[in-house]
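Residue numbers (the numbering used here), protein chains in the order written: chain A, 1 to 242; chain B, 243 to 309.
Encoded structure:
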């Protein structure tokens, strides 16, 4: 069986502003492919976050809205309630979803809004210069934890997916990564499933994706992908949580 | 044999495709491109099986594979 691998229709043919080896590029393609394969491009509305992916609307040939930092799920709730026939998803980073937007995230999940959430966890604030995020691993060096994250000072990495999996309003939570081709396939399956859940009115679905940030992890892209497998996925266990 | 095409202007030289190629059929070029980056290049065009791993891992979607 032969297959042609080409840029999908929902992804604009433009250069992205991401650093070399950034997981956002892979994820943008996965999301665009999932939407095209489900044939829902004309009725999909994306909510872009604040963070590195803030201009995601320049890369997707989709209707997009931009939300204030952390408020993507609040905006998505409004759009979905006004237009319930549309497929609405948010694409948020860890600084957006797990730090400033924790309240919006937890309450949108608890209300069981029929939304799809793609949560990109790269364990740092990439856009603002690599500061410590809630999901930064213990002893991981960042701009604001030059000696490594200390649990006594900064607490423990926040497992937001495990927290949301406890809520009755949530239909599905899954954690995947983009560190190797196998995991990328798995991520695509999970994201497609999350969109299908919304189309079938099943409720709140979230996919947390562990993604590389080679620039602020001070690693080469290849070492960053390996670091996800060796360290990050040891703390943030991959798999279906709910 | 599959035909692989790499966009040398878009490639940022992250080499994620180089390490995931099961045939070790990709490498970084010796010369810089216009943007000053060592881009990925195919070693032997006849050796590509078209598995698509490089396309799947490329963060900039600058690899295309035909048949």
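Beta carbons: idealized from backbone N, C-alpha and C, even for Gly.
Quick one: using the 10 Å Cβ neighbour count with 16 as the cut-off for buried, is residue i buried or exposed?
i                     : result
residue 191 (chain A) : buried
residue 196 (chain B) : The structure shown has nothing for residue 196 (chain B), since chain B only spans 243 to 309.
residue 243 (chain B) : exposed
residue 81 (chain A)  : exposed
residue 35 (chain A)  : buried
residue 3 (chain A)   : exposed
residue 201 (chain A) : exposed
residue 199 (chain A) : exposed
residue 177 (chain A) : buried
residue 259 (chain A) : Here chain A covers residues 1 to 242 and nothing more, so residue 259 (chain A) does not appear.
Taking C-alpha atoms, which residue in the options lies nearest to residue i?
i                     : options                      : result
residue 290 (chain B) : B:268, B:252 and B:251       : B:268
residue 240 (chain B) : A:54, A:64, A:26 and A:37    : For residue 240 (chain B) there is no data in the structure shown, the boundaries of chain B being 243 and 309.
residue 242 (chain A) : A:236, A:64, A:209 and A:205 : A:205
residue 165 (chain A) : A:155, A:219, A:12 and A:106 : A:106
residue 92 (chain A)  : A:217, A:78 and A:116        : A:116
residue 49 (chain A)  : A:199, A:41, A:40 and A:76   : A:76
residue 304 (chain B) : A:5, A:156 and A:103         : A:5
residue 282 (chain B) : B:245, B:309 and B:300       : B:300
residue 173 (chain A) : A:195, A:157 and A:180       : A:195
residue 10 (chain A)  : A:114, A:60, A:46 and A:146  : A:60
residue 228 (chain A) : A:179, A:163 and A:155       : A:179
residue 163 (chain A) : A:193, A:40, A:102 and A:17  : A:102
residue 96 (chain A)  : A:224, A:15 and A:126        : A:126
Per DSSP, what are the beta-bridge partners of residue i in this structure?
i                     : result
residue 295 (chain B) : Per DSSP, none; premise fails for residue 295 (chain B).
residue 240 (chain A) : A:174
residue 206 (chain A) : A:117 and A:173
residue 15 (chain A)  : BP columns for residue 15 (chain A) are empty, so no partner.
residue 63 (chain A)  : A:45
Measure the C-alpha to C-alpha separation of residue i and residue j and round it to an integer number of angstroms.
i                     : j                     : result
residue 239 (chain A) : residue 175 (chain A) : 5 Å
residue 131 (chain A) : residue 235 (chain A) : 20 Å
residue 221 (chain A) : residue 210 (chain A) : 14 Å
residue 143 (chain A) : residue 213 (chain A) : 13 Å
residue 30 (chain A)  : residue 68 (chain A)  : 24 Å
residue 218 (chain A) : residue 23 (chain A)  : 15 Å
residue 7 (chain A)   : residue 13 (chain A)  : 8 Å
residue 72 (chain A)  : residue 262 (chain B) : 34 Å
residue 231 (chain A) : residue 124 (chain A) : 15 Å
residue 253 (chain A) : residue 266 (chain B) : Missing from the structure shown is residue 253 (chain A); chain A here goes from 1 to 242 and no further.
residue 141 (chain A) : residue 158 (chain A) : 17 Å
residue 119 (chain A) : residue 51 (chain A)  : 12 Å
residue 149 (chain A) : residue 137 (chain A) : 7 Å
residue 185 (chain A) : residue 133 (chain A) : 27 Å
residue 161 (chain A) : residue 98 (chain A)  : 10 Å
residue 153 (chain A) : residue 145 (chain A) : 10 Å
residue 233 (chain A) : residue 79 (chain A)  : 34 Å
residue 248 (chain B) : residue 113 (chain A) : 42 Å
residue 302 (chain B) : residue 274 (chain B) : 18 Å
Residue i by DSSP, collapsed to three states: which one?
i                     : result
residue 185 (chain A) : helix
residue 158 (chain A) : coil
residue 93 (chain A)  : strand
residue 27 (chain A)  : helix
residue 113 (chain A) : coil
residue 192 (chain A) : helix
residue 261 (chain B) : helix
residue 136 (chain A) : coil
residue 83 (chain A)  : coil
residue 166 (chain A) : coil
residue 47 (chain A)  : strand
residue 222 (chain A) : helix
residue 276 (chain B) : coil
residue 5 (chain A)   : strand
residue 251 (chain B) : coil
residue 266 (chain A) : It is not possible to answer for residue 266 (chain A), since the shown part of chain A is limited to 1 through 242.
Could you please tell me which residues of the stretch 247-270 of chain B, in chain order, have their CB closer than 7 Å to any CB of chain C? The displayed structure is made up of protein chains A and B, and chain C is not among them.
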